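Taking it in order: structure first as structure tokens, then the write-up.
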Amino acid sequence: MDTIMQKIGDAGILPVIKINETKSAVSLAQALQNAKIPIAEVTFRTDNAAECITAIRKAMPSILVGAGTILTEDQVRQAKDAGAQFLVSPGFNPKVVEYALKLNLPITPGVCTPSEMEQASSFGLNILKFFPAELYGGVALLKTLYSVYPHIKFIPTGGISPKNLIDYAKLPNIHAIGGTWIANQDDLEKENWNHIEQLAREAYNLFHNNR
Numbered sequence: 001m002d003t004i005m006q007k008i009g010d011a012g013i014l015p016v017i018k019i020n021e022t023k024s025a026v027s028l029a030q031a032l033q034n035a036k037i038p039i040a041e042v043t044f045r046t047d048n049a050a051e052c053i054t055a056i057r058k059a060m061p062s063i064l065v066g067a068g069t070i071l072t073e074d075q076v077r078q079a080k081d082a083g084a085q086f087l088v089s090p091g092f093n094p095k096v097v098e099y100a101l102k103l104n105l106p107i108t109p110g111v112c113t114p115s116e117m118e119q120a121s122s123f124g125l126n127i128l129k130f131f132p133a134e135l136y137g138g139v140a141l142l143k144t145l146y147s148v149y150p151h152i153k154f155i156p157t158g159g160i161s162p163k164n165l166i167d168y169a170k171l172p173n174i175h176a177i178g179g180t181w182i183a184n185q186d187d188l189e190k191e192n193w194n195h196i197e198q199l200a201r202e203a204y205n206l207f208h209n210n211r
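Counted from 1, the sequence shown has number 107 at position 107 by full-length UniProt numbering; the numbering is strictly sequential.
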């Protein structure tokens, strides 16, 4: 589990992907890898999300593939069976977290309050998704949280773009930054892999040049 979390931290950027075509999923993964981001969080918001995870794992074993928007224990099992190597959930559901850990699947639950952070920490989870980041205080709140919870690292997601990414990257309690802007729906529908690679490379450089 620690190795997987370390790989996410090394990349610094966690692309959040909503995709439904397995062929496109593999092309997308290649674009991300070309940009030094060998990671994808495939959200369980399409009918073929599990199939897309499996396709990436088979075609590109060097890519770290996770399942996002995990809301139920059944989805945990589906993600595991599809080959997901880590899970991300938008909120903190103790049953989902407990089941994921039972299956030895690293999970990053979403939190936005101190109470949720302490609950997650009680499960031994100290790398958490901060969501929705901008709506719940963004950089200012994360700065405040660092003085109280210096042992917790965050993956802020929601409302982040190249315009404010640097502000997050400079914080000491940031593990990585998540976002959908790298692989937006327009580019995915047009199969504009070059532009996705360009956006991913820009995000990677912005993050690592400001750490």
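Idealized CB from N, CA, C, for every residue including glycine. Nothing here was measured: the structure is a model prediction, and the numbers come from that model.
Buried or exposed: which applies to residue i, given that a residue is buried once 16 or more other Cβ atoms fall within 10 Å of its Cβ?
i: K129; result: buried
i: V16; result: buried
i: V96; result: buried
i: G110; result: buried
i: S161; result: exposed
i: residue 217; result: Residue 217 lies beyond the residue range present for the chain, which begins at 1 and ends at 211; the question has no answer from this structure.
i: S89; result: buried
i: Q185; result: exposed
Tell whether a beta-carbon distance below 9 Å holds between residue i and residue j.
i: A133; j: P156; result: yes
i: K80; j: T46; result: no
i: I56; j: V42; result: yes
What does DSSP give as the partner residue(s) for residue i in the beta ladder?
i: V42; result: I17 and A67
i: K153; result: I127
i: I174; result: F154
i: V88; result: T108
i: G179; result: P15
Among the options, which has the Cα closest to the Cα of residue i?
i: N209; options: P90, Y136, L171 and A55; result: L171
i: G188; options: I63, S24, G83 and D2; result: First, the amino acid is wrong: residue 188 is Leu here, not Gly. The candidate whose alpha carbon is nearest that of L188 is S24.
i: I166; options: N205, A84, W193 and L125; result: N205
i: L145; options: N164, F123 and E118; result: E118
i: G83; options: I8, P61 and T69; result: P61
i: M5; options: A176, H195 and N192; result: A176
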